[in-house]
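What follows is one structure encoded as structure tokens, with my remarks underneath.
Residue numbers (our numbering): 33 to 198.
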């Protein structure tokens, strides 16, 4: 109980925002010592745990991944904001002038070719340029001067043309 109260005092004295990492089988659940009278179980019995890193001992890869996750959570906690008026407003539809199924097809095709994050950016940029005319798409590609982007946009043009034919 002394160790538990010391851990809790250390947790309380740390400034907010804070992250708790439970490291290894002993920290997560008590490990092989879970049934001893002096072991409380995992760290989560004393303080709230944000990231569990499993293993006995945890592998270097698990350790790096766990710390990366913890840094990501800390970043989210640092930039968190209180709920406000913006939360009550409905989300705006992206490219409302485009037909929903076509918008989804273009988005999925771009993500398949360029990955989740960049595919979304490319699809949004493409649909914005396409809304201004096909010549604008050509000017955009010329300005970017990126062969991979040109390849992706050519594929997206085929997706749009396929939808127009049907």
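Quick reminder that beta carbons are idealized off the backbone N, C-alpha and C, glycines included.
Please list, in chain order, all residues of the same chain as residue 143 whose beta carbon is under 8 Å from its beta carbon, the five residues on each side excluded.
151, 152, 155
Note down, one range per segment and in chain order, each alpha helix (DSSP H) of at least 4 residues found wholly within the region 117–191.
132–146, 148–163, 166–176
Closest residue to residue 134 among 114, 120, 158 (Cα-Cα distance):
158
Would residue 106 and residue 53 qualify as a contact pair, given that the criterion is a beta-carbon distance under 8 Å?
no
Roughly how many whole angstroms lie between the Cα atoms of residue 140 and residue 102?
30 Å
Simplified DSSP assignment, three categories, for residue 110
helix
Simplified DSSP assignment, three categories, for residue 3
Only positions 33 to 198 of the chain appear in the structure, and residue 3 is not among them; the question remains open.
What does residue 54 pair with, by DSSP beta-bridge criteria?
84
Which residues in the same chain have their Cβ closer than 7 Å to the Cβ of residue 145, if we skip the five residues on either side of it in sequence?
151, 184, 187
Please report how far the alpha carbon of residue 95 lies from the alpha carbon of residue 110, in whole angstroms.
22 Å
Can you tell me the Cβ-Cβ gap for residue 78 and residue 40, rounded? I've got them flagged as a contact below 8 Å.
6 Å
From residue 124 to residue 116, what distance separates their C-alpha atoms?
17 Å
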